Amino acid sequence: MKLKEVVEVINGRIICGDAFLDREVHLGFASDLMSEVLTLLDEDILLITGLSNIQSIRTAEMSDITQILFVRGKQPTKNMIDLANEHEMVIMTTPYSMFRASYLLHESGLKPVY
Amino acid sequence: MNQSFSIPAGDFSHAGQAASEIKRLLKQLNIPPKVIKRVVVALYEAEVNVVAHSFGGSISCTITPEHIDIVVSDCGPGISDIELAMSEGYSTASSEVREMGFGAGMGLPNIKNNSDSLDISSSEQGTSIHMRVNFKEHTP
Ligand SMILES: Nc1ncnc2c1ncn2[C@@H]1O[C@H](COP(=O)(O)OP(=O)(O)OP(=O)(O)O)[C@@H](O)[C@H]1O
Ligand SMILES: [Mg+2]
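Chains L and Z, in that order, give the protein sequences. Each residue of the first sequence is one higher than the last, beginning at 291 in the working numbering. Each residue of the second sequence is one higher than the last, beginning at 199 in the working numbering.
This is the structure we're talking about:
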């Protein structure tokens, strides 16, 4: 699905990366544990996390993941947004919980990584 | 080509800067993206371990046309049982470290899976991790 559809489905807000909302993503992975994310071999992934700190952006950078959804209304800091912009990432937030966001996105066609 | 970095203990905001810099360098050298990912995942995990579990340390990278050699050393307190530390899920991470998104006990296994050779030595004076990743693309 396109990232602009993702935002709609989870009643979300785009924090940065407006220019890339036509980007397609096929897989979702929900975790607050960065080393778990770092085991993933795919890159075509939406990272869904409640961990809103610079390490979540760094982890995406190292994993070549270019889209992150922060759940429970977590707001990224300026440093995080700068780093995300540098790597052309799309950052979104949703007021929903991780479970609810994952459920809605799966219903809309996003597949689990495994 | 040689590149060195120092890693202060406990400073999570800087963890990943070395991996980020090396990623930029390897891209310029046109190393395949899959290989770059192996290098930076292993390096980033090692960097985070120094920040999270040690009194601080340093990284030294040597790039040749065939491979990258990375040595990550810190000044203690060391890993008392390396075999145990290498097992998936084993972690002594503090609650501060867990709040930063680490402590799954997957870091050392990730380093092992992403390097072509790995040598870890450790004493109370410090831990030294030597990893090598070959640039020739991997057939998994
Ligand atoms: N540089 C180090 N100095 C001292 N102890 C270390 C060091 N690196 C790892 N360890 C020990 O080995 C354990 C396992 O490390 P590993 O990287 O696999 O997991 P973690 O850091 O606890 O969690 P994760 O990496 O999944 O976020 C650590 O919890 C810690 O006890
Ligand atoms: Mg670790």
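Where is the CB? At the ideal position from N, CA and C, for every residue including glycine. Note that the coordinates shown come from a computational prediction; the quantities given were computed from them, not determined experimentally.
Buried or exposed by the 16-neighbour rule on C-beta atoms within 10 Å, applied to residue i
i, result
"residue 204(Z)", "exposed"
"residue 272(Z)", "buried"
"residue 307(Z)", "buried"
"residue 312(Z)", "buried"
"residue 395(L)", "buried"
"residue 339(L)", "buried"
Heavy atom of ligand 2 within 7 Å of residue i beta-carbon
i, result
"residue 247(Z)", "yes"
"residue 250(Z)", "yes"
Cutoff 7 Å; reference residue i; Cβ partners in own chain excluding five residues on either side
i, result
"residue 246(Z)", "213, 300, 305"
"residue 303(Z)", "286, 287, 288, 289"
"residue 244(Z)", "270, 309, 327"
Ligand 1 heavy atom lying under 7 Å from the CB of residue i
i, result
"residue 206(Z)", "no"
"residue 305(Z)", "yes"
"residue 230(Z)", "no"
"residue 294(Z)", "no"
"residue 209(Z)", "no"
"residue 325(Z)", "yes"
Proximity to residue i [Cα-Cα], best of the options
i, options, result
"residue 400(L)", "307(L), 302(L), 314(L)", "314(L)"
"residue 208(Z)", "223(Z), 215(Z), 253(Z)", "253(Z)"
"residue 362(L)", "379(L), 350(L), 385(L)", "385(L)"
"residue 220(Z)", "258(Z), 291(Z), 322(Z)", "258(Z)"
"residue 318(Z)", "334(Z), 284(Z), 296(Z), 222(Z)", "284(Z)"
"residue 383(L)", "298(L), 293(L), 327(L), 302(L)", "302(L)"
"residue 354(L)", "211(Z), 235(Z), 223(Z)", "235(Z)"
Other residues of its chain near residue i: CB distance less than 6 Å, five sequence neighbours each side excluded
i, result
"residue 325(Z)", "272, 276, 277"
"residue 321(Z)", "276"
"residue 310(L)", "380"
Min CB distance residue i to chain B below 8 Å
i, result
"residue 308(L)", "The structure shown contains no chain B; the protein chains it does contain are L and Z."
Positions along the stretch 334-349 of chain L whose CB lies within less than 7 Å of some CB in chain Z: Hits within the stretch, in order: 341, 343, 344, 345, 346, 348.
Chain Z contacts made by the stretch 363-376 of chain L, where a contact means CB separation under 7 Å: Within the stretch 363-376 of chain L, no residue qualifies.
Contact set between the stretch 321-334 of chain L and chain Z, restricted to residues whose Cβ is under 7 Å from the partner: Against chain Z - using a Cβ distance shorter than 7 Å - the residues of the stretch 321-334 of chain L are 322, 323, 324, 325, 326, 328, 329.
Residues within the stretch 208-229 of chain Z neighbouring chain L, beta-carbon criterion of under 8 Å: Result list: 210, 211, 213, 214, 217, 218, 221.
Chain-ordered residues of the stretch 285-303 of chain Z with a beta carbon less than 8 Å from chain L: Sequence-ordered contacts of the stretch 285-303 of chain Z with chain L read 298, 299, 300, 301, 302, 303 [C-beta pairs closer than 8 Å].
Contact set between the stretch 231-256 of chain Z and chain L, restricted to residues whose Cβ is under 8 Å from the partner: The stretch 231-256 of chain Z vs chain L, Cβ under 8 Å: 231, 235, 238, 239, 242, 243, 246.
Near-chain L residues of the stretch 305-335 of chain Z (beta-carbon distance less than 7 Å), N- to C-terminal order: The residues in question are 305, 308.
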